[in-house]
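Colleague: Questions regarding the structure given below will be posed in turn.
There are 2 protein chains.
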Amino acid sequence: MMKRIAVDLAAMGKAARGASRELAKLTTDQKNAALQAIADEIEAQAEMVLAQNALDIEDGRAKGLSDALLDRLLLTEKRMAGLAADTRNVATLSDPVGAEIEGRVLPNGIRLSRRRTPIGVLGVIYEARPNVTIDIATLSLKTGNAVILRGGSETLRSNLALVQVIQTALANQRIPRDAVQYIANPDRALVTELLHLDAYVDMIIPRGGAGLHKLCREQSTIPVITGGLGICHLYVEPGADVEGALNVIENSKVQRPSVCNALDTLLVHVDIASSFLPKLAARLNPHGVKFYADGPAFTILYTQEKTTVIEARPEDFDQEWLSLTLSVRLVDNLDEAITHIQTHGTGHSDGILTNDWKHATRFVNEIDSAAVFVNASTRFNDGGQFGLGAEVAVSTQKLHARGPMGLEALTTYKWVVYGDMHVRA
Amino acid sequence: MMKRIAVDLAAMGKAARGASRELAKLTTDQKNAALQAIADEIEAQAEMVLAQNALDIEDGRAKGLSDALLDRLLLTEKRMAGLAADTRNVATLSDPVGAEIEGRVLPNGIRLSRRRTPIGVLGVIYEARPNVTIDIATLSLKTGNAVILRGGSETLRSNLALVQVIQTALANQRIPRDAVQYIANPDRALVTELLHLDAYVDMIIPRGGAGLHKLCREQSTIPVITGGLGICHLYVEPGADVEGALNVIENSKVQRPSVCNALDTLLVHVDIASSFLPKLAARLNPHGVKFYADGPAFTILYTQEKTTVIEARPEDFDQEWLSLTLSVRLVDNLDEAITHIQTHGTGHSDGILTNDWKHATRFVNEIDSAAVFVNASTRFNDGGQFGLGAEVAVSTQKLHARGPMGLEALTTYKWVVYGDMHVRA
């Protein structure tokens, strides 16, 4: 067990605010030079970081963490090289800060513009994955924001080592170390305290499960980007290309079942159920997919070979499975499919598989989700896939940013007014 | 005293969500027709509304409300005509919903776009001004949002009458009445309940003083647009056109001293203090401006004729005056002015009066306020003045919207993905 370190969050906040003012003055070249310096330092201090990570892994093993979780915590020489490469990649991204979003000369001669600026100070709370420390710190730096980090306690030593690496590189570049700070005490009360630090922190980004997002929504006096829960749907109807539909469903469900944009519920038009469901079972059985099917679908799936199917209770359609499980329900028409998604969805990723122009249009217009799909896998709801260059988080709320958040989501704007001693009439 | 009406906020929220889905399907033409119908109905039912307003005014007078407040509550035939005209004006504004913010074909052939959509359900809490009821309801309708309104208790009857007018017009246009609902019970506990209605409400907009904004920030589990507090600064330095600077200061301070973008603190470079402050006193004295001046400024202002000046305590520089009062402080240089604004400002409206290019540039880059001014009055920080067509609120937070919020701030976007049975590699 590590000795707990006393943390003065208000002092950290104040220091972060001060650092953010220095960051806001940096040119893109200066920020990119700092990112290169961080990448170099990650390589130079890899041994130190790996030694600290080994202690985290040792503790984790002693605590009986699962192999899957331990693998998420683990850093290796190869992974350290990956972190350095990721950091250099952030340097290559285009800098959104300084862009003039709109500008014009008003009728009275005033020149008005909206200029993109850093947000200021970010607070980021995340799961036990040391790569997120580098990821968030570098994206914050690129956009001129100071950041206060709070990662999962299982990687405390690794995170502190990585933050030390970053701070060393920053100091060498004459950028305030306080631009990237870490809450070095696993006490959960500090999370609540961070959520109330509205005097210094401008935005909270939780990265983790639904429970963390709920805590932030309920406790924070600072604007929060929430997300974290994706009950995702596909609706397949007569006329859809069957082979294509099976490909999309398979990809949505099995390509990476543990993530939020993986498929949870398949809605099948009743008219194609008897032909489509056997093909679905044949396609998904080899992956070990388990079905929770409503009565009529259960009756069909139950007779298929090598198929694991359980009759669904109503609450099974409110499940985000995060595993190789799929709810299946038959619907009579598009209206019923839309109503099901409106009732059970979380506004994350929902799609239709169809060859009907009118139905596709209605689905896109009426389904109010962060990403709406026609004839494509829900797995595309991702910053990388959407070409954003980086993904800070995925938002399912509707303010500020929705869906995958790129660098722009870490910026705000200010109105800039140039006059010639203008007064308001 | 009116009998208190039982309010089922969850039922209102659910109804609002249902209505919002219908609103999202309306075309711009249909929404504009509804706005015209509301304007017609305002005219047709003016007598009924005025009768209800008269009862509010009678109650208000009995409670001993000030004449200024009573005037804010009062509706007249002329003001009713104004409300109808304002509603017709909203119909003429361009509809932001449906715009494609960005769109492209990805390398894999998927067509991706971001489409502007309504936010869904808004919750708006506002002061006792019946015109705000029409204002917010029509702007919400224009952007396809349902809204739950909660106005000041002093205008409960007037607001209920106006909402009845709106609902009648909506029903005549076959739009759900629940698109615009009003919390018809002045119990304050309902405000707190509204702030926790995250199952149905997507965004809270408080319109009122700093106390209301603080309550919302602390209590709400729904994203809130906060603002409401503006400690505004101007910094005047050597080389600035003196006559122009006096015009801008006078306009910023006295044109409408009770509002949030009015000037609160003037920072004067020490080198021009002895010449500038006497001119300032001569300019502002006829308006009855009272000064709170720091030591060196006090010494100069104290000797001016007909000048009311009090020696400022440190806390006087943290005051939003909302009256004909002005804090004055001398500073040695631009750095000291910037530091003062960073320490005492609220990020609302701050400006520099100068003829120095480098100083203007530094001020604009380093002052992180919603609106930053060079040689112009702080009073320009306003949706109308900035050409937004409408002003929903003024935000001093940095997420979603900053500064004056136009119709766009009442929208979000969704990602729309059109594929040809694409799967993620």
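Residue numbers (numbering that gives the first Met the number 0), protein chains in the order written: chain A, 0 to 424; chain B, 0 to 424.
The C-beta atom is built at its ideal place from N, Cα and C for all residues, glycine as well.
Quick caveat, the model's predicted, so the values are computed rather than measured.
In chain A, what lies closer than 8 Å to B:Q468 by C-beta?
Modeller: For residue 468 of chain B there is no data in the structure shown, the boundaries of chain B being 0 and 424.
Colleague: Just to confirm my understanding: we take A:L121, look at its own chain, exclude 5 residues before and 5 after, and list those with CB closer than 6 Å. What are they?
Modeller: Along the first sequence, one-based indexing puts residue 121 of chain A at 122. Result list for A:L121: S139, N144, V146 and M202, in chain order.
Colleague: Assign B:H358 to one of three DSSP states: helix, strand, or coil.
Modeller: As a working note, residue 358 of chain B is residue 359 in the second sequence. Here B:H358 sits in helix by DSSP.
Colleague: Based on the DSSP secondary-structure assignment, which residues constitute the bridge partners of A:D349?
Modeller: Here residue 349 of chain A is taken as the residue at index 350 of the first sequence, counted from 1. DSSP lists A:H232 and A:V371 as partners of A:D349.
Colleague: If you reduce the DSSP assignment to three classes, tell me which class A:R128 lands in.
Modeller: For the purposes of this step, residue 128 of chain A is identified with residue 129 of the first sequence, where counting begins at 1. Reduced to three states, the DSSP call for A:R128 is coil.
Colleague: Just mark A:I4 as buried or exposed, buried being the case when its beta carbon has 16 or more other beta carbons within 10 Å.
Modeller: Numbered from its first residue, the first sequence carries residue 4 of chain A at position 5. Its Cβ having fewer than 16 others within 10 Å, A:I4 is exposed.
Colleague: Does DSSP classify A:F290 as helix, strand or coil?
Modeller: Counting from 1 along the first sequence, the entry for residue 290 of chain A is found at position 291. Residue state, collapsed to three classes: strand.
Colleague: Among B:I109, B:G63 and B:V48, which one has its Cα closest to the Cα of B:D419?
Modeller: Counting from 1 along the second sequence, the entry for residue 419 of chain B is found at position 420. Closest by alpha carbon: B:I109.
Colleague: List, in chain order, every chain A residue whose beta-carbon is nearer than 7 Å to that of B:V422.
Modeller: By one-based count along the second sequence, residue 422 of chain B stands at place 423. Neighbours of B:V422 on chain A, chain order: N246, V247, N250 and S376.
Colleague: Nearest CA to the CA of A:A296: which residue from A:S394, A:E365, A:V269 and A:L68?
Modeller: What you label residue 296 of chain A is simply residue 297 of the first sequence in a count that begins at 1. The shortest Cα separation from A:A296 among A:S394, A:E365, A:V269 and A:L68 belongs to A:V269.
Colleague: Take every Cβ of the segment 327-335 of chain A, pair it with every Cβ of the segment 211-221 of chain A, and state whether three or more of those distances are shorter than 8 Å.
Modeller: Judged by Cβ distances under 8 Å, the segment 327-335 of chain A makes no contact with the segment 211-221 of chain A, as fewer than three pairs qualify.
Colleague: Out of B:R206, B:E40, B:L34 and B:P106, which one is the CA nearest neighbour of B:K141?
Modeller: Mapped onto the second sequence, residue 141 of chain B falls at position 142. Comparing Cα-Cα distances from B:K141 to each of B:R206, B:E40, B:L34 and B:P106, the minimum goes to B:L34.
Colleague: Leaving out five residues before and five after B:D367 in sequence, what residues of the same chain have Cβ atoms less than 7 Å from its Cβ?
Modeller: Taking the first residue of the second sequence as position 1, residue 367 of chain B is located at position 368. Answer for B:D367: G346, listed in chain order.
Colleague: In its own chain, which residues sit with a C-beta less than 6 Å from the C-beta of A:T154, not counting the 5 before and 5 after it?
Modeller: For the purposes of this step, residue 154 of chain A is identified with residue 155 of the first sequence, where counting begins at 1. The residues are D55, L72, A127 and P129.
Colleague: Would you mind stating whether B:F275 and B:V241 have Cβ atoms separated by less than 8 Å?
Modeller: Position 276 of the second sequence, counting from 1, holds the residue named residue 275 of chain B. Position 242 of the second sequence, counting from 1, holds the residue named residue 241 of chain B. In contact: B:F275 and B:V241 (Cβ atoms closer than 8 Å).
Colleague: Using Cβ-Cβ distances below 8 Å, what residues of the segment 136-157 of chain A are close to chain B?
Modeller: The segment 136-157 of chain A vs chain B, Cβ under 8 Å: nothing.
Colleague: Which of the three DSSP states is assigned to A:G243 in this structure?
Modeller: As a position in the first sequence, residue 243 of chain A is number 244, starting the count at 1. Reduced to three states, the DSSP call for A:G243 is helix.
Colleague: Residues in its own chain within less than 8 Å of A:G12 by CB, not counting five upstream and five downstream?
Modeller: Taking the first residue of the first sequence as position 1, residue 12 of chain A is located at position 13. Same-chain partners within the cutoff: V120, I147, L196, A198, Y199 and V200.
Colleague: Hey, A:A392 and A:G226: beta-carbon distance below 8 Å or not?
Modeller: Taking the first sequence and counting its residues from 1, one reaches residue 392 of chain A at position 393. Taking the first sequence and counting its residues from 1, one reaches residue 226 of chain A at position 227. Yes, Cβ-Cβ distance for A:A392 and A:G226 is below 8 Å.
Colleague: With a threshold of 8 Å between beta carbons, is B:R411 in contact with chain A?
Modeller: Position 412 of the second sequence holds residue 411 of chain B. Looking at the sequence provided, one finds Thr at residue 411 of chain B rather than Arg. Chain A, which has a Cβ nearer than 8 Å to the Cβ of B:T411, makes this yes.
Colleague: In chain order, what residues of the same chain have a beta carbon less than 8 Å from the beta carbon of B:G388, not counting five sequence neighbours either side?
Modeller: Indexing the second sequence from 1 puts residue 388 of chain B at position 389. For B:G388, where only same-chain residues beyond five positions count, the Cβ hits under 8 Å are L92, S93, G382, G405 and L406.
Colleague: Under 8 Å by Cβ, that's how I've got A:F113 and A:I100 pegged, so tell me the actual separation to the nearest angstrom.
Modeller: Taking the first residue of the first sequence as position 1, residue 113 of chain A is located at position 114. Taking the first residue of the first sequence as position 1, residue 100 of chain A is located at position 101. First, the residue type needs correcting, since residue 113 of chain A is Arg and not Phe in the sequence shown. At roughly 4 Å, the Cβ-Cβ gap stays under 8 Å, so A:R113 and A:I100 are in contact.
Colleague: Near A:S219, what residues of its chain come up, given a Cβ to Cβ distance below 8 Å and the 5 sequence neighbours on each side ignored?
Modeller: Within the first sequence, the letter at position 220 stands for residue 219 of chain A. These residues qualify, in order along the chain: L194, H195 and I203.
Colleague: Are the C-beta atoms of B:R401 and some chain A residue less than 8 Å apart?
Modeller: The residue you call residue 401 of chain B lines up with position 402 of the second sequence. Closer than 8 Å to some Cβ of chain A, the Cβ of B:R401 qualifies, so yes.
Colleague: What would DSSP say about A:T86, mapped onto helix, strand or coil?
Modeller: As a first step, residue 86 of chain A is located in the first sequence; it is residue number 87 there, counting from the start. Three-state result, A:T86: helix.
Colleague: To the nearest angstrom, how far is the alpha carbon of A:Y125 from that of B:D355?
Modeller: Here residue 125 of chain A is taken as the residue at index 126 of the first sequence, counted from 1. Here residue 355 of chain B is taken as the residue at index 356 of the second sequence, counted from 1. A:Y125 and B:D355: Cα-Cα distance of roughly 46 Å.
Colleague: Which chain A residues sit within Cβ distance under 9 Å of B:I118?
Modeller: The residue labelled residue 118 of chain B in the question sits at position 119 within the second sequence. Residues of chain A passing the Cβ test: K397 and L398.
Colleague: By the three-class DSSP mapping on this structure, what secondary structure does A:L214 have?
Modeller: Taking the first residue of the first sequence as 1, we reach residue 214 of chain A at position 215. Three-state DSSP puts A:L214 in a helix.
Colleague: Just tell me which of B:I165, B:R78 and B:R156 has its CA closest to the CA of B:I135.
Modeller: Reading the second sequence from its first residue, position 136 is the one you call residue 135 of chain B. Of the listed residues, the one whose Cα sits closest to B:I135 is B:I165.
Colleague: Nearest CA to the CA of A:L228: which residue from A:R16, A:N364, A:N332 and A:W320?
Modeller: For the purposes of this step, residue 228 of chain A is taken as the residue at position 229 of the first sequence. Answer by Cα proximity: A:W320.
Colleague: I'd like to know whether the C-beta atoms of A:P117 and A:L22 end up nearer to each other than 8 Å.
Modeller: Along the first sequence, one-based indexing puts residue 117 of chain A at 118. Along the first sequence, one-based indexing puts residue 22 of chain A at 23. Closer than 8 Å, so yes.
Colleague: Mind pulling the chain A residues with CB within less than 9 Å of B:V415?
Modeller: Counting from 1 along the second sequence, the entry for residue 415 of chain B is found at position 416. By Cβ distance, chain A contributes V363, A370, V371, F372 and V373.
Colleague: Should the segment 371-379 of chain A be regarded as contacting the segment 396-405 of chain A, the criterion being three or more beta carbon pairs within less than 8 Å?
Modeller: No: the two stretches stay apart, fewer than three of their Cβ pairs being nearer than 8 Å.
Colleague: For chain A, is any of its Cβ atoms less than 8 Å away from the one on B:G243?
Modeller: On the second sequence, residue 243 of chain B is found 244 positions in, with the first residue counted as 1. Yes - at least one Cβ of chain A is within 8 Å of the one on B:G243.
Colleague: Quick check on the burial criterion: 16 or more other C-beta atoms within 10 angstroms. Buried or exposed for B:S157?
Modeller: Counting from one through the second sequence, the residue named residue 157 of chain B turns up at place 158. With 16 or more other Cβ atoms within 10 Å, it is buried.
Colleague: Taking B:N364 as the reference, which of B:T353, B:T306 and B:I337 has the closest Cα?
Modeller: As a first step, residue 364 of chain B is located in the second sequence; it is residue number 365 there, counting from the start. It is B:I337 whose Cα lies nearest to the Cα of B:N364.
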